[in-house]
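Participant:
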Amino acid sequence: MTVPRRIIVAISGASGAVYGARLLQVLQPMPGIESHLVVSDAGWRNLAHELDMQRADVEALAHQVHDVRNVGAAIASGSFQCAGMVIAPCSMRTLAAVAHGLSDNLLTRAADVVLKERRRLVMLVRESPLHLTHLRNMVAVTEMGAIVCPPLPAFYLRPQSVGDIVDYSVARALDLLDVPHDLAPRWEGLALAP
Numbered sequence: 149m150t151v152p153r154r155i156i157v158a159i160s161g162a163s164g165a166v167y168g169a170r171l172l173q174v175l176q177p178m179p180g181i182e183s184h185l186v187v188s189d190a191g192w193r194n195l196a197h198e199l200d201m202q203r204a205d206v207e208a209l210a211h212q213v214h215d216v217r218n219v220g221a222a223i224a225s226g227s228f229q230c231a232g233m234v235i236a237p238c239s240m241r242t243l244a245a246v247a248h249g250l251s252d253n254l255l256t257r258a259a260d261v262v263l264k265e266r267r268r269l270v271m272l273v274r275e276s277p278l279h280l281t282h283l284r285n286m287v288a289v290t291e292m293g294a295i296v297c298p299p300l301p302a303f304y305l306r307p308q309s310v311g312d313i314v315d316y317s318v319a320r321a322l323d324l325l326d327v328p329h330d331l332a333p334r335w336e337g338l339a340l341a342p
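Given below as structure tokens:
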């Protein structure tokens with residue numbers, strides 16, 4: 149029996165809901181991948197506001213959907229085997245909750261479980277500028293084993309659209325989870341000038 153690679157996709161309330169939605173779109177048709185979605189209340193609000201996506205449309209992109217209030221869901225347990233979790237986007241509130249072990253909803257509990265089980269947690273943190281508490285929380289989650297991966301554009305790849313910029317950040321998250329893809333070009337290097 150082939151067991152799918154499970155990936156938890158969390159969408160919190162920071163601007164940038166497009167990152168989580170695009171990640172789900174990319175994962176959906178991948179053979180052997182099973183996505184588990186959890187969205188905060190503010191995340192649902194941003195999906196509607198930024199992307200005009202209805203809840204049913206977003207849920208249709210995931211293999212399994214978990215309510216953020218259901219801390220008894222499968223993804224709240226260390227016995228739930230998964231390849232990792234991506235929080236895309238990750239709000240400063242969610243970052244702070246994870247940094248301080250506040251498992252006050254399913255999203256933050258799942259992140260806490262991923263860390264305690266020494267699995268990969270990728271956090272696409274979204275805020276600018278940053279104050280000292282933001283920075284300290286990023287250090288804290290990094291020391292706990294998470295990867296802070298702000299969704300920043302790679303202009304050296306000469307993106308032609310906002311979609312290209314989004315795809316680059318989603319591609320980086322997939323790389324960090326060891327999920328093969330051809331979503332964005334890879335840097336081939338430059339020849340030395342004569």
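According to our numbering, the sequence shown is numbered sequentially starting from 149. Note that the Cβ used here is the ideal one computed from N, Cα and C, for glycine as well.
Say yes only if the C-beta of residue 188 is nearer than 8 Å to one or more non-hydrogen atoms of the ligand ATP, and no if none qualify.
Facilitator: Looking at this structure, you won't find the ligand ATP or any other ligand, since it has none at all.
Participant: Three-state secondary structure (DSSP) at residue 224?
Facilitator: As a working mapping, residue 224 is identified with position 76 in the sequence shown. Correct three-state label for residue 224: helix.
Participant: Is it buried or exposed for residue 299, if we count other Cβ within 10 angstroms and need 16 for buried?
Facilitator: As a working mapping, residue 299 is identified with position 151 in the sequence shown. Answer is buried; the Cβ neighbour count reaches 16.
Participant: State the Cα-Cα distance for the pair residue 164 and residue 317, rounded to the nearest angstrom.
Facilitator: The sequence position of residue 164 within the sequence shown is 16, counting from 1. The sequence position of residue 317 within the sequence shown is 169, counting from 1. Approximately 11 Å between the Cα atoms of the pair.
Participant: Jot down the residue ranges of each uninterrupted alpha helix (DSSP H) in the stretch 200-282, minimum 4 residues, whole runs only, in chain order.
Facilitator: Here the runs fully enclosed are 203-207, 240-247, 254-264.
Participant: Can you tell which of 272, 287, 309 has the C-alpha that lies nearest to the C-alpha of residue 159?
Facilitator: Sequence index remark: in the sequence shown, residue 159 carries index 11 (1-based). Comparing Cα-Cα distances from residue 159 to each of 272, 287, 309, the minimum goes to 272.
Participant: Going by C-alpha to C-alpha distance, which of 258, 201, 175 sits closest to residue 186?
Facilitator: Position 38 of the sequence shown, counted from the first residue, corresponds to residue 186. When each option's Cα is compared against that of residue 186, the closest is 258.
Participant: With a 10 Å radius around its C-beta and 16 neighbouring C-beta atoms as the bar for buried, classify residue 342 as buried or exposed.
Facilitator: Here residue 342 refers to the residue found at position 194 of the sequence shown. Counting Cβ neighbours within 10 Å, residue 342 comes out exposed, since fewer than 16 surround it.
Participant: Ends of the alpha helix (DSSP H) at residue 319?
Facilitator: As a working note, residue 319 is residue 171 in the sequence shown. Taken as a continuous stretch (DSSP letters only), the alpha helix (DSSP H) holding residue 319 covers 310-324.
Participant: Where does residue 186 sit, in a helix, a strand or coil, going by DSSP?
Facilitator: Within the sequence shown, residue 186 is the residue found at index 38, counting from 1. Residue state, collapsed to three classes: strand.
Participant: Using the C-alpha atoms, what's the distance from residue 253 back to residue 286?
Facilitator: Sequence index remark: in the sequence shown, residue 286 carries index 138 (1-based). Sequence index remark: in the sequence shown, residue 253 carries index 105 (1-based). If you take the alpha carbons of residue 286 and residue 253, they lie about 20 Å apart.
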